[in-house]
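A short write-up of the structure that comes next.
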Amino acid sequence: MTETLPYAEVIGDPIAHSKSPIIHNFWLEKLGIKADYKMFHVKPDELADYIANRRDDSNWQGCNVTIPHKLAVMDHVSDPGDVRASIGAMNTIARTENGDLFGTNTDAGGFFAPIADVPLSGQDVIVIGAGGAAQAVLFALSRIDVGSVTIINRNVLKASALLMRFGLKGQALEHGSALPPARLLVNASALGMKGQDELVVDLSSLPDDAIVYDLVYVPIKTQLLKAAKARGLETIDGVSMLIGQAAVAFEIFFGQAPPLEHDEELRKLLLT
Ligand code: NAP
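The opening position of the sequence shown corresponds to residue 579 in the numbering used here, with each subsequent residue numbered one higher.
What follows is the structure, encoded as structure tokens:
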């Protein structure tokens, strides 16, 4: 009889593009943990049945949740960290000790991990985008006492609402506006992603010690990061956040921190 291993998985619609199985299975192998991480295609009208079925599967350790389920899944699990009221979306579901299901969001921690050592307190920040990823970014920024936050978005009303929601001082500007000076520029929009328009911004207003952080990870070297490098600015790519958010989820699913000393090898694997 084949032994059924403990497993976690990522769900979404579509799902085939997900890099999460590569990351989690790489860490499972490095740590010698006998478990599996899969992907499972779940359409919006299948979400309730999916959660009900997995609830009774004792091998299932939990799942990562991607587009379009990050909001809907909050109706099916408990919310001990009050994620609904804070970030407003869940990307990880797991079991409590008594077997109930709870949800959390590891995107804010994943975003913050690569900039944890940067002294951003009181420093001005620009965030481009006001969707789900931007919400996790703004939540993290609201916790570290940054200075003024400029949110630039196509829908400027959405951007203003997020400033209020996260209690940030700053301004909301329309997409295409000139950038104010800032220590950190984050692209949390879909622009620059494969299949989308390029993000075209003039970086000349940024100081020489500015950091440009692009959440887009397909491609890894976006036009924005290339332009920042050409200006001699420090850059952080979307794979850093991808690995960061997966690391928090991995520990929740499998009870051990992942071996981050192999990040360079993992990055090469993600590029193939
Ligand atoms: P989302 O909720 O759909 O938000 C998309 C954002 O992009 C919105 O602000 C939207 O503006 C803007 N946008 C889309 N098309 C645009 C266009 N043609 N012109 C101007 N603005 C446009 O998506 P999301 O989940 O936040 O994801 C955003 C990006 O972050 C994606 O590239 C995703 O891959 C990346 N991401 C990366 C990680 C990671 O771990 N590295 C994690 C999560 C997300 P409107 O509000 O005006 O529609």
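A virtual CB, placed ideally from N, CA and C, is assigned to each residue, including glycine.
Non-local beta-carbon contacts of Ala825 in its own chain, meaning distances under 6 Å to residues more than five positions away in sequence, involve Pro836 in chain order. DSSP places Met819 outside any beta strand (DSSP E); the residue lies instead in the alpha helix (DSSP H), whose first and last residues are 816-832.
Using a C-beta cut-off of 8 Å, the segment 585-592 makes no contact with the segment 813-820, since fewer than three inter-stretch Cβ pairs fall below that distance. Pairing Leu848 with Lys608 gives a Cβ-Cβ distance that is not under 8 Å. Taken atom to atom, the span from the alpha-carbon of Ala694 to that of Phe828 is near 20 Å.
Per DSSP, Met668 lies in no alpha helix (DSSP H) and is assigned neither H nor E. Contact between Asp815 and Ile798 holds, with the beta-carbon distance rounding to 5 Å and staying under 8 Å. For a cut-off of 8 Å, the C-beta gap from Phe744 to Ser720 is around 4 Å, short enough to register as a contact. C-alpha of Ala768 to C-alpha of Ala711: approximately 9 Å in a straight line.
Remark: the C-beta of Met742 is outside contact range of ligand 1, defined as less than 7 Å to any heavy atom. Close CB contacts of His619 within its chain, under the 6 Å cut and outside five residues either way in sequence, are with Ile593 (chain order). By DSSP's assignment, Gly659 forms no beta bridge with any residue. Counting only runs that start and end inside the segment 758-810, the alpha helix (DSSP H) elements of at least 4 residues fall at 801-808. Judged by DSSP in its simplified three-state form, Ile601 adopts helix. Under DSSP, Asn642 takes part in a beta bridge, and its partners are Val588, Thr670. For Gln701, the three-state secondary structure derived from DSSP is coil. Within the model, the alpha-carbon separation for Ser783 versus Gly687 is close to 28 Å. Looking at the DSSP output, His619 shares a beta bridge with Gly590. Counting only residues of its own chain and dropping the five nearest sequence neighbours on each side, Glu752 has a CB closer than 6 Å to the CB of Val734. Of the other Cβ atoms in all chains shown, fewer than 16 fall within 10 Å of the Cβ of Gln774; this residue is therefore exposed. Val643 and Ile671 have their C-alpha atoms roughly 7 Å apart.
In the DSSP annotation of this structure, the continuous segment of the alpha helix (DSSP H) that includes Glu843 starts and ends at 841-849. Per DSSP, reduced to three states, the secondary structure at Phe689 is helical.
Phe680: member of the beta strand (DSSP E) spanning 679-682, first to last residue.
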